[in-house]
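Residue numbers (our numbering): 23 to 324. Every residue gets a Cβ at the ideal spot worked out from N, C-alpha and C, and that includes glycine. Encoded as structure tokens, the structure appears first; notes follow it.
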């Protein structure tokens with residue numbers, strides 16, 4: 023079985039690594055029209071204060087390390103280190119660094135074979151709800167400006183619950199592509215050995231590179247991984263666009279003319295170029311029907 027399967031969808035490209043049972047163990051998404059990490063661009067410096075900001079490729083990027091030897095309005099080269107996360111908040115914009123490298127495209131999302139990822143819908147459900155069940159409890163995953171938080175809830179004794187939750191958290195971090203800082207709120211554990219055991223489980227199941235803190239007396243552990251792109255949890259916060267791309271994935275299995283029925287916000291998020299691409303794939307016209315009574319995730323095509 024290949025390491026990665028690549029699915030070139032409408033509006034996004036998806037990559038997933040599957041285990042022997044066909045379950046997704048790691049996933050990534052690259053959105054169309056969003057410059058990915060690794061790309062080197064010609065940019066224009068548009069602001070020095072309060073944050074060094076450039077425009078490039080139709081997007082705005084922050085340069086946390088600043089820019090030297092250049093004045094506002096001048097051109098420069100930058101390398102994107104984190105793509106835009108989506109949303110209007112300033113901290114969600116893309117991040118870049120000044121560079122002398124020649125302009126180039128970003129590396130591929132993953133190396134693998136192209137094909138449909140059959141387990142993808144289950145993964146999207148985890149992302150849209152932020153709820154991940156495991157044997158003995160549940161994780162609740164929520165993004166914040168500072169970090170992604172994972173709250174552990176369950177009915178096992180604290181040490182056993184923490185061990186099971188450590189495995190589930192490591193699995194969720196990889197499946198949902200959680201980069202940057204992730205805080206995990208375990209039950210409070212008494213005894214150094216019990217806390218160390220949780221750390222060992224995280225070390226065994228998380229793929230390097232990453233760093234983590236030791237569990238403190240309140241059960242909190244912070245995991246830090248490289249963050250080059252939006253996680254599936256990040257993408258699900260832009261709910262209408264998230265559901266629109268998921269709906270297009272379902273619709274592209276149709277043949278001939280169809281009508282898409284979806285929540286009005288989802289219909290509004292369907293870009294004209296996406297509809298044109300869908301029509302080309304199915305070999306027929308696509309009509310849109312905004313249906314207020316449908317849930318955001320309840321769109322369908324027939």
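Exercise. When you compare only the Cα positions, how much space is there between residue 221 and residue 293?
Worked result: 45 Å
Exercise. Under three-state DSSP, which class holds residue 215?
Worked result: helix
Exercise. At what residue ranges does the segment 226-257 contain a whole run of the beta strand (DSSP E), taking only runs of 3 or more?
Worked result: Within the segment 226-257, the complete beta strand (DSSP E) runs of at least 3 residues are 242-247.
Exercise. Using CA coordinates, which residue listed in 199, 229, 271 and 289 is at the minimum distance from residue 251?
Worked result: 199
Exercise. Among 99, 256 and 248, which has the Cα closest to the Cα of residue 122?
Worked result: 99
Problem set entry | Straight-line Cα distance separating residue 244 from residue 169 | 9 Å
Exercise. Roughly how many whole angstroms lie between the Cα atoms of residue 300 and residue 273?
Worked result: 8 Å
Problem set entry | Under the three-state DSSP convention, the category residue 179 falls into | coil
Exercise. From residue 249 to residue 49, what does the alpha carbon distance come to, in whole angstroms?
Worked result: 14 Å
For this session: In angstroms with no decimal places, state the Cα-to-Cα distance between residue 165 and residue 235.
Result: 19 Å
Exercise. For residue 25 versus residue 36, is the C-beta spacing smaller than 8 Å?
Worked result: Residue 36 is positioned such that its CB atom lies no closer than 8 Å to that of residue 25.
For this session: Determine the DSSP secondary structure at residue 198, reduced to helix, strand or coil.
Result: coil
For this session: State the start and end residues of the unbroken beta strand (DSSP E) segment that holds residue 155.
Result: 153-156
Exercise. Rounded to a whole number of angstroms, what is the C-alpha to C-alpha distance between residue 237 and residue 313?
Worked result: 48 Å
Problem set entry | Limits of the alpha helix (DSSP H) - the one that residue 300 falls within | Where residue 300 is concerned, the enclosing alpha helix (DSSP H) stretches over 294-304.
Exercise. If we count the other Cβ atoms within 10 Å of its Cβ and call it buried at 16 or more, is residue 136 buried or exposed?
Worked result: Under this definition residue 136 is an exposed residue.
Problem set entry | Nearest candidate by alpha-carbon position, reference residue 325, set 258, 145, 282 and 158 | What is shown of the chain runs 23 to 324, which leaves residue 325 out entirely.
For this session: On a CA-only basis, which of 189, 192, 232 and 173 is nearest residue 210? Give me that one, please.
Result: Nearest C-alpha to residue 210: 173.
Problem set entry | Pair within 8 Å by beta-carbon distance, residue 190 and residue 228 | no
For this session: Identify whether residue 265 lies in helix, strand or coil by the three-state DSSP scheme.
Result: helix
Exercise. At which residues does the alpha helix (DSSP H) containing residue 286 begin and terminate?
Worked result: From DSSP, the alpha helix (DSSP H) with residue 286 extends over 286-291.
For this session: Along the beta strand (DSSP E) that carries residue 116, what are the first and last residues, could you check?
Result: 116-120
Problem set entry | Rounded C-alpha distance that separates residue 321 from residue 233 | 40 Å
Exercise. When you compare only the Cα positions, how much space is there between residue 241 and residue 180?
Worked result: 10 Å
Problem set entry | CA-to-CA distance, residue 283 to residue 88, given in whole angstroms | Residue 88 and residue 283 have their C-alpha atoms roughly 47 Å apart.
Problem set entry | Buried or exposed by the 16-neighbour rule on C-beta atoms within 10 Å, applied to residue 324 | Counting the other Cβ atoms within 10 Å of the Cβ of residue 324 gives fewer than 16, which makes it exposed.
For this session: Could you please give the first and the last residue of the uninterrupted beta strand (DSSP E) stretch that includes residue 102?
Result: Its beta strand (DSSP E) spans residues 97-104.
Problem set entry | Spatially closest choice to residue 175 from 302, 276, 153 and 258, by CA coordinates | Scanning 302, 276, 153 and 258 for the CA closest to the CA of residue 175 turns up 153.
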